[in-house]
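Novice: Take this structure first; my questions come after.
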Amino acid sequence: MCLLIWLIGKRATDKIDEADRERMSWRKGAIGEALIAATLQELPDDFIVINDVSKRFGNIDHVVIGPTGIYVVDAKNWRGTVKADGQGELLLNGQALNKPPIKGMLGAVMDFQSKLKALTERDYFVRGLMVFPNAYVEANYGSTRQIHCL
17 MCLLIWLIGK RATDKIDEAD RERMSWRKGA IGEALIAATL QELPDDFIVI
67 NDVSKRFGNI DHVVIGPTGI YVVDAKNWRG TVKADGQGEL LLNGQALNKP
117 PIKGMLGAVM DFQSKLKALT ERDYFVRGLM VFPNAYVEAN YGSTRQIHCL
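Count along the sequence shown starting at 1, add 16, and that's the number in the working numbering.
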């Protein structure tokens with residue numbers, strides 16, 4: 017009986033810890049998004065900035081439309097060093113990530129471009145930017161496919 021109670025308590029504690037880690041991850045992400053949103057608001061008046069655009073799965077942090085083009089911007093509040101892995105993906109502090117961020121960003125850019133074409137009946141070139149306000153980035157354009165990492 018004691019073992020059963022201990023197992024139930026352990027499982028509940030694990031679930032609470034998992035929920036807390038997820039909540040902190042969302043909070044950390046929101047802080048990064050807010051930093052980038054504030055910076056984007058400083059762009060000249062001929063740029064339009066749209067924050068938090070819904071998509072099929074999740075959201076696009078920022079869309080910027082201006083004289084230099086259309087940009088889908090993903091803010092990543094990562095700390096440490098972000099490098100290209102030589103195969104088009106990113107490493108954080110030398111480690112591969114659970115979800116390939118470049119692959120996800122390419123999907124978001126293509127999805128946005130497709131929706132834009134459906135709405136306007138015009139084919140626009142959309143650039144993808146991943147912005148890391150609290151990390152050192154060593155990922156030159158081309159090493160992360162068509163995504164710019166700043």
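Positions of the beta carbon are idealized from the N, C-alpha and C atoms, including for glycine.
What's the C-alpha gap between G123 and F141?
Specialist: To locate residue 123, count along the sequence shown from 1; it is residue 107. To locate residue 141, count along the sequence shown from 1; it is residue 125. Cα to Cα, the separation comes out at about 14 Å.
Novice: Buried or exposed, going by whether 16 or more other CB atoms sit within 10 Å of the CB of E58?
Specialist: Your numbering for residue 58 matches position 42 in the sequence shown. With fewer than 16 Cβ atoms within 10 Å of its Cβ, E58 is classed as exposed.
Novice: For F148, is the classification buried or exposed, using 16 other Cβ atoms within 10 angstroms of its Cβ as the cut-off for buried?
Specialist: Within the sequence shown, numbered from 1, the residue matching residue 148 stands at position 132. Buried, since its Cβ has 16 or more Cβ neighbours within 10 Å.
Novice: In whole angstroms, what is the alpha-carbon distance linking S41 and D90?
Specialist: Counting from one through the sequence shown, the residue named residue 41 turns up at place 25. Counting from one through the sequence shown, the residue named residue 90 turns up at place 74. Note on S41: pLDDT 47, under 50, position unreliable in the model; the coordinate value appears next. When rounded, the distance between both Cα atoms is 15 Å.
Novice: How big is the Cα-Cα spacing for V88 and F128?
Specialist: Numbered from its first residue, the sequence shown carries residue 88 at position 72. Numbered from its first residue, the sequence shown carries residue 128 at position 112. Spanning the two alpha carbons is a distance of roughly 8 Å.
Novice: Determine which residues share a DSSP beta bridge with I66 and list them.
Specialist: By one-based count along the sequence shown, residue 66 stands at place 50. For I66, which the question treats as bridged, DSSP gives the partners V79.
Novice: Since T160 sits in a beta bridge, which residues does DSSP pair it with?
Specialist: Taking the sequence shown and counting its residues from 1, one reaches residue 160 at position 144. The partner list for T160 (beta bridge, DSSP) reads Q162.
Novice: Per DSSP, what kind of secondary structure is K99 in: helix, strand or coil?
Specialist: Mapped onto the sequence shown, residue 99 falls at position 83. Three-state result, K99: strand.
Novice: Using DSSP's beta-bridge definition, name the partner residues of G85.
Specialist: Taking the sequence shown and counting its residues from 1, the one referred to as residue 85 is at position 69. Partner(s): G82.
Novice: Would the stretch 94-110 count as touching the stretch 69-85 if we require 3 or more Cβ pairs under 8 Å?
Specialist: As far as the Cβ criterion goes, the stretch 94-110 does not touch the stretch 69-85, which means the pair count is below three.
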